[in-house]
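In the UniProt record's numbering, the protein residues as written are 1 to 258.
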């Protein structure tokens with residue numbers, strides 16, 4: 001029990017440190033975590049509103065893109081933040097009391113709190129701008145479940161990447177190249193249900209497409225999300241967490257020594 005209390009205290013201290021130092025080199029500091037997604041949704045809304053008459057769901061372009069971008073953000077921001085956990089806290093690992101796992105856990109909780117607040121803020125601003133009663137129609141259990149699954153998938157991928165990045169700089173570059181277009185093929189800008197065969201089936205191999213469909217089904221009561229397979233998403237997430245934990249644990253001593 002004393003061991004657990006020690007790690008909880010270390011994790012809380014690391015969380016406070018992460019929140020105070022994150023985005024420290026950028027104007028606005030930590031506010032950039034909120035400015036970036038709001039600006040992103042606003043920019044996408046402006047562009048697509050100019051080239052299309054109506055969004056694929058509902059009547060609000062802003063809500064449609066927010067419902068696609070936010071669940072993707074829950075995954076991508078988590079995976080990216082976890083990826084750099086050890087590099088950013090290398091000096092702290094020289095203290096025996098700080099374990100590599102403490103650094104990862106603290107970053108997970110900081111990011112999930114940040115993403116949750118960002119998600120609420122974006123939806124609130126979209127609803128206010130378009131005079132929508134979004135929060136009255138939301139099926140909260142679906143939105144929360146999809147968001148949580150996205151963060152866990154990001155945690156698993158991020159933990160695996162910590163170990164793999166440390167072993168191969170080439171892998172780090174290849175991973176960045178492969179995942180960069182992921183936002184384009186995950187259903188952020190479209191609905192996978194509307195794609196013709198075989199493109200629909202190909203897109204549905206991507207677990208992030210299921211995260212976004214699940215999230216959107218909680219925003220739009222009329223959206224049936226044909227093709228959504230929650231079991232497939234859970235299997236992917238469990239596999240990512242297992243592989244991530246295994247690789248991270250095997251590399252823990254190496255990571256501490258740098």
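Where is the CB? At the ideal position from N, CA and C, for every residue including glycine. Note that the structure is predicted; figures quoted are calculated from it, not measured.
Under the rule that 16 or more other beta-carbon atoms within 10 Å means buried, what is residue 18, buried or exposed? buried
Reducing DSSP to helix, strand and coil, say where residue 22 ends up. coil
Rounded to the nearest angstrom, how far is the Cβ of residue 82 from that of residue 107, given a contact under 8 Å? 6 Å
What span of residues does the alpha helix (DSSP H) with residue 161 cover, start to end? 140-167
Are the region 138-148 and the region 178-191 touching, with three or more C-beta to C-beta distances below 8 Å? no
Please classify residue 46: is it buried, with 16 or more other beta-carbons within 10 angstroms of its beta-carbon, or exposed? exposed
Cα-Cα, which of 160, 93 and 35 is closest to residue 248? 160
State the start and end residues of the unbroken alpha helix (DSSP H) segment that holds residue 54. Unbroken run through residue 54: none, as it is neither H nor E.
Contact between the region 100-115 and the region 6-14 (3+ Cβ pairs under 8 Å): yes
Residue 225 and residue 231 - do their beta-carbons sit closer together than 9 Å? no
In chain order, each alpha helix (DSSP H) run of at least 4 residues that lies wholly inside the region 156-242: 169-179, 199-203 and 207-219
Supposed contact pair residue 113 and residue 66 - C-beta distance, whole angstroms, cut 8 Å: With a Cβ gap of about 19 Å, residue 66 and residue 113 do not count as contacting.
Indicate whether the contact test is met: 3 or more Cβ pairs, each with one atom in the region 175-184 and one in the region 237-254, closer than 8 Å. no
From residue 200 to residue 209, what distance separates their C-alpha atoms? 10 Å
Here's the rule I'm using: 16 or more other beta-carbon atoms within 10 Å means buried, otherwise exposed. How should residue 63 be labelled? buried
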